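In the numbering used here, the protein residues as written are 1 to 167.
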Amino acid sequence: MNCIVNVSENWGIGKDGQLLFSISADLKRFRQLTLGKTVILGRKTLATFPGEKPLPGRTNLVLSRQPNFQADNAVIFHSFPELALFLHAYPTEELWVIGGASVYERMLPYCSHAFITKTFCEVDADSFFPNLDALPQWHFVSESPKMEEGNLVFRYLEYHNDSPCTF
Numbered sequence: 001m002n003c004i005v006n007v008s009e010n011w012g013i014g015k016d017g018q019l020l021f022s023i024s025a026d027l028k029r030f031r032q033l034t035l036g037k038t039v040i041l042g043r044k045t046l047a048t049f050p051g052e053k054p055l056p057g058r059t060n061l062v063l064s065r066q067p068n069f070q071a072d073n074a075v076i077f078h079s080f081p082e083l084a085l086f087l088h089a090y091p092t093e094e095l096w097v098i099g100g101a102s103v104y105e106r107m108l109p110y111c112s113h114a115f116i117t118k119t120f121c122e123v124d125a126d127s128f129f130p131n132l133d134a135l136p137q138w139h140f141v142s143e144s145p146k147m148e149e150g151n152l153v154f155r156y157l158e159y160h161n162d163s164p165c166t167f
């Protein structure tokens, strides 16, 4: 399983329910990596998408604690065990965890790869991705050259989990 996220220098990912950054090159990369795959996300992340609709061209698995929550073109799970049972049959390389913070935290131990866009600035955030540099099972693998779009400088980083959990 993979996860993908754009983080600030202090691993911030959001503020007031919105992403911290919108970088068109990063959004294109996100689309390229996840298109045709299965994405795992939370209800609040789904609410940030245009029209609050699931991402097209992907199987959207949405985790929500709201018992009556429904979304067209998405499979809804109301508990992690329910989701884990479903994921047991999926090839892990087809799975992409895409947020938000609580879903990342819950699913990160099951991920073998993390695709991080590190945006080099400190911004006020109220949700964070775990600092992979501080987790002993996660190891930095590679980085792209620094890139710039508008006034944002960023690079793509890849990390590997030496001992991902299984379902």
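C-beta atoms are modelled at their ideal positions from N, C-alpha and C, and glycine is treated no differently.
Being a predicted model, the structure only gives us computed values, none of them experimental.
Alpha-carbon spacing of residue i relative to residue j, whole angstroms
| i | j | result |
| --- | --- | --- |
| Asp162 | Leu132 | 12 Å |
| Asn10 | Ala134 | 12 Å |
| Ala84 | Val153 | 37 Å |
| Thr92 | Ile98 | 14 Å |
| Trp138 | Cys165 | 13 Å |
| Ser127 | Ser144 | 25 Å |
| Ser8 | Thr119 | 5 Å |
Check whether residue i and residue j have beta carbons under 7 Å apart
| i | j | result |
| --- | --- | --- |
| Val100 | Lys44 | Reading the sequence as shown, one finds Gly at residue 100 and not Val. For Gly100 and Lys44, yes; Cβs fall inside 7 Å. |
| Leu63 | Gly42 | yes |
| Phe115 | Glu158 | yes |
Cβ of residue i within 7 Å of any chain B Cβ
| i | result |
| --- | --- |
| Pro164 | The structure shown has no chain B; it contains just one protein chain. |
Member of the options whose CA lies at the smallest distance from the CA of residue i
| i | options | result |
| --- | --- | --- |
| Leu33 | Thr48, Leu83, Leu95 | Leu95 |
| Ala125 | Asn73, Phe21, Gln66, Leu55 | Phe21 |
| Leu55 | His78, Phe30, Ser64, Phe69 | Phe30 |
| Phe167 | Leu19, Phe129, Arg106, His88 | His88 |
| Pro50 | Thr117, Gln18, Phe80 | Gln18 |
| Val141 | Phe86, Phe69, Tyr156 | Tyr156 |
Residues that residue i bridges to, as DSSP identifies them
| i | result |
| --- | --- |
| Asn131 | Note: Asn131 sits in no beta bridge, so no partner. |
| Lys118 | Val7, Arg155 |
| His139 | His160 |
| Met147 | Phe154 |
Inter-residue CB distance, residue i and residue j (contact presumed, cutoff 8 Å)
| i | j | result |
| --- | --- | --- |
| His113 | Asn2 | 5 Å |
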